[in-house]
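First the structure, in the form of structure tokens, and then the observations on it.
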Amino acid sequence: MRGNFLSFVKKESLHILRDRRTMLVVMLIPVVLMILFGFAISTEVNNVNVAVVAPERTDGVRDAVERLAVNDYFTFKGYIESDEIDEYLRSGKATAVVVFATDYDRRATQAAAGIPTKPIIQVVVDASNVNTAGSATAYLQNILLGTASQQSMFETRMLFNPQMKSAYNFVPGIMGLIFILVCAMMTSVSIVREKEVGTMEVLLVSPVRPFKIIFAKMIPYFVISCIVLVTILLLARYLLGVPMSGGVGGIFSLSLLYLVLSLALGLLVSTIASTQVAALLVSAMVMMMPILMLSGMLFPIENLPKFFEVVSNIVPARWYIDAIRKMMIQGLPIVAVWKNCVILLGMTVVLLGVSLKKFNDRLE
Amino acid sequence: MSEVVISVRELTKCFGDFTAVDRISFDVERGEIFGFLGANGAGKTTAMRMLCGLSFPTSGSGTVAGYDIMHQGEEIKRHIGYMSQRFSLYNDLTVWENIDLFAGIYGLSKSETKQRATELLERLNFASERNTLVGSLPLGWKQKLSFAIATIHRPKVVFLDEPTGGVDPMTRRQFWELIYEAADRGTTIFVTTHYMDEAEYCTRVSIMVDGQVRALDTPARLKQQFAAETMDEVFRTLARGAKRGE
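This is how it looks when you write it as structure tokens:
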């Protein structure tokens with residue numbers, strides 16, 4: 000006798016293989032996201048157009064402008080007159096304008112000697128894009144302060160991501176998002192589709208146990224997710240150069256746990272939703288939004304209002320992304336993120352329990 | 006010699022205060038085509054779900070294919086076939102893959118599956134379509150295939166829940182020919198329908214109103230009893246007394 004379980008796994012795999020378009024999308028989304036976030040979308044500020052107003056082009060000023068011009072972050076757009084500042088910023092010819100005070104050299108030396116002096120450099124920034132404005136000012140200050148030969152009292156060292164590459168930051172976030180998308184959304188839609196079309200009814204009248212139907216459904220999606228996981232890890236390592244010094248084994252194990260959790264979440268959605276559209280909406284609203292907003296993927300959790308900070312505790316992606324970030328970038332071993340592991344494990348158990356219970360209840 | 010395949014006594018199902026099925030009793034014999042009629046909301050589906058082992062009766066007793074509906078739901082599922090009003094095959098699988106799947110579900114061995122599937126395809130004149138996606142077949146063919154697959158494991162009883170909903174009269178006729186053939190081979194057919202002309206084709210007909218079986222006999226005798234020309238009249242006479250709305 001053939002196991003009817005295997006017949007089911009075969010059937011589910013066929014469904015997925017036949018639906019080439021969806022499969023292609025699932026396989027490509029991670030690649031596209033990685034490339035987008037890795038290269039195109041970045042919070043780093045590059046090629047900021049800077050113009051300079053300098054009433055006297057002394058050695059000190061020249062030196063400062065030289066440093067600016069050779070810096071990758073800035074593109075030097077030339078010297079302009081002070082009455083042109085407004086026009087340059089308005090037309091977008093420059094994003095920032097650096098204005099040197101008259102008598103710059105003397106006052107810079109004074110400042111270097113510790114004698115209090117009035118500001119000697121003014122930076123006028125187009126702040127219509129807050130992110131660019133913020134970063135650009137910070138960079139400018141760093142570069143120009145040096146030229147004023149002021150001894151800074153601070154010495155900053157960027158650990159783990161010295162070049163401040165935003166790709167490092169996004170990879171764990173993408174992982175947190177993509178597995179929910181593949182596992183939760185796709186399984187829930189596929190279960191609900193059978194309810195909607197009416198095939199579920201036939202399956203329930205057959206001698207197959209309901210939980211077998213469900214597990215057979217999960218297996219192919221689990222396999223796909225594993226392929227996606229490997230793709231992401233390879234891209235992250237070799238294309239984006241994410242260090243992953245904490246050990247790939249740990250990252251992989253934790254990700255598998257997260258996959259199971261996502262599958263359980265998908266099952267739960269499928270017991271709530273009765274149409275495919277509803278399943279999609281629920282997945283999008285209940286899962287995607289919190290992941291984007293509350294997981295620390297885009298916005299640091301510490302920056303959230305207190306209320307949302309509390310809410311973020313129940314978003315699984317938060318714990319996953321945090322742990323993956325620590326393992327991938329800080330290079331911590333999996334034991335160092337044991338707390339995240341335990342929380343995720345607990346969530347998985349609860350979700351699986353609740354959704355299996357709900358699934359069985361619905362059958363009666 | 007007749008063998009009773011479905012036997013139900015005082016079968017009742019309540020949902021809270023609402024009695025969906027109210028003490029129904031009947032017997033269905035082997036090879037019968039048993040028409041199970043009733044307006045929407047009369048309790049047909051609930052009764053059928055209990056017979057299929059999908060839900061437990063609140064009280065009463067019954068056997069289907071020799072198994073107790075209270076305690077042997079899983080055994081019942083193994084020995085019945087089921088086809089629902091909604092098309093229940095997978096459109097994105099081929100004819101053969103659909104057969105293979107359901108044969109696998111009912112635990113047929115590989116060689117059995119192969120033999121029965123070939124036989125089935127020949128009987129339906131489908132041999133050339135074995136690798137066609139089911140989704141691209143005309144509705145009439147799908148329905149026939151669906152029925153053939155519902156009986157692939159040679160069940161004692163087949164439950165058909167409005168099998169011809171939304172199908173043109175010509176295809177319906179062809180479908181009923183299949184049902185007759187199956188009944189001749191000794192399969193018991195338990196069918197619900199909204200088409201009163203189909204009720205005429207049944208060996209016996211039961212009509213449910215407000216959760217109770219109000220009439221049960223051969224179509225001829227029912228018409229006689231209610232002094233009606235057609236089954237449609239019989240049905241309307243009975244349904245008029247219904248207290249439950251749609």
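The listed protein sequences derive, respectively, from chains Y and G. Each residue of the first sequence is one higher than the last, beginning at 0 in our numbering. Each residue of the second sequence is one higher than the last, beginning at 6 in our numbering. The beta carbon of each residue, even a glycine, is placed where N, CA and C say it ideally should be.
Practice task
Determine the contact status of Arg159/G and Thr192/G, defining contact as a CB-CB distance below 9 Å.
Solution key: yes
Exercise for the section: Sort out for me which residues DSSP pairs Phe99/Y with in a bridge. Expected result: Ile120/Y
Problem - Rounded separation between Ala132/G and Arg19/Y - CA only - result: Ala132/G and Arg19/Y have their alpha carbons spaced roughly 27 Å apart.
Exercise for the section: Could you work out which residues of chain Y lie near Lys82/G, taking near to mean beta carbons separated by less than 7 Å? Expected result: Chain Y residues near Lys82/G: Val204, Ser205 and Pro206.
Practice task
Give the DSSP bridge partners of Ile85/G, in chain order.
Solution key: As a beta-bridge residue in DSSP terms, Ile85/G pairs with Val162/G.
Problem - Exposure label - Gly352/Y; buried when at least 16 CB within 10 Å - result: exposed
Practice task
Could you pull the start and end residues of the beta strand (DSSP E) that Ser64/G belongs to?
Solution key: Unbroken beta strand (DSSP E) run through Ser64/G: Ser64 to Val69.
Problem - Minimum Cβ-Cβ distance from Leu23/Y to chain G less than 9 Å - result: no
Practice task
List the residues of chain G whose Cβ lies closer than 7 Å to the Cβ of Arg17/Y, in chain order.
Solution key: Asp97
Problem - Simplified DSSP assignment, three categories, for Asn103/G - result: helix
Problem - Cutoff 7 Å; reference Ser151/G; Cβ partners in own chain excluding five residues on either side - result: Met88, Phe92, Ser93 and Leu94
Exercise for the section: State buried or exposed for Asn130/Y, treating a residue as buried only when at least 16 other CB atoms are found within 10 Å of its CB. Expected result: exposed
Exercise for the section: Compare the C-beta of Ser364/Y with all C-beta atoms of chain G and state if any pair is closer than 9 Å. Expected result: Any question about residue 364/Y goes unanswered here, given that chain Y covers just 0 to 363.
Practice task
Confirm, please, whether the CB-CB distance from Cys182/Y to Leu253/Y is below 9 Å.
Solution key: no
Handout entry: CB contact flag (Val10/G, Lys161/G, <9 Å)
Key = yes
Handout entry: Amino acids of chain Y, ordered along the chain, whose beta-carbon sits closer than 8 Å to that of Ile110/G
Key = Ordered by position in chain Y, the residues that pass the 8 Å Cβ test against Ile110/G are Asn3, Ser6, Phe7, Leu202, Ser205, Pro206 and Val207.
Handout entry: the segment 69–76 of chain G contacting the segment 227–244 of chain G, beta-carbon criterion three pairs below 8 Å
Key = no
Practice task
State buried or exposed for Gly172/Y, treating a residue as buried only when at least 16 other CB atoms are found within 10 Å of its CB.
Solution key: Around the CB of Gly172/Y, 16 or more other CB atoms lie within 10 Å, so the residue is classed as buried.
Exercise for the section: With DSSP as the reference, label Gly40/G as helix, strand or coil. Expected result: strand
Practice task
Kindly indicate if chain Y contains any beta-carbon less than 9 Å away from that of Met88/G.
Solution key: Cβ-Cβ to chain Y under 9 Å: yes for Met88/G.
Practice task
Note down, one range per segment and in chain order, each beta strand (DSSP E) of at least 3 residues found wholly within the segment 17–74 of chain Y.
Solution key: 47–52
Handout entry: Cβ shell of Leu32/Y (< 8 Å), same chain only, five flanking positions each side left out
Key = Ile173, Leu176 and Ile177
Practice task
Report the three-state DSSP secondary structure of Met296/Y (helix, strand or coil).
Solution key: coil
Problem - Range covered by the beta strand (DSSP E) that runs through Cys19/G - result: Val9 to Phe20
Handout entry: Reference Ala215/Y; option with closest CA among Thr186/Y, Val25/Y, Val51/Y and Phe99/Y
Key = Distance check between Ala215/Y and each of Thr186/Y, Val25/Y, Val51/Y and Phe99/Y places Thr186/Y closest, using alpha-carbon atoms only.
Exercise for the section: Provide the residue span of the beta strand (DSSP E) that contains Arg209/G, from first to last. Expected result: Unbroken beta strand (DSSP E) run through Arg209/G: Arg209 to Val214.
Problem - Same chain, Cβ closer than 6 Å to Ile218/Y, neighbours up to 5 away in sequence not counted - result: Val8
Exercise for the section: Please state whether DSSP places Ile177/Y in a helix, a strand or coil. Expected result: helix
Handout entry: Leu343/Y classed as buried or exposed, judged by whether at least 16 other C-beta atoms fall within 10 angstroms
Key = buried
Practice task
May I have the straight-line CA-CA distance separating Ile84/Y from Gln140/Y, to the nearest angstrom?
Solution key: 19 Å
Problem - Contacts of Leu59/G in chain Y (Cβ-Cβ under 7 Å) - result: Neighbours of Leu59/G across chain Y, judged by C-beta separation under 7 Å: Leu203 and Val204.
Exercise for the section: Step through the CB atoms of chain Y and report whether any lies within less than 9 Å of the CB of Arg91/G. Expected result: yes
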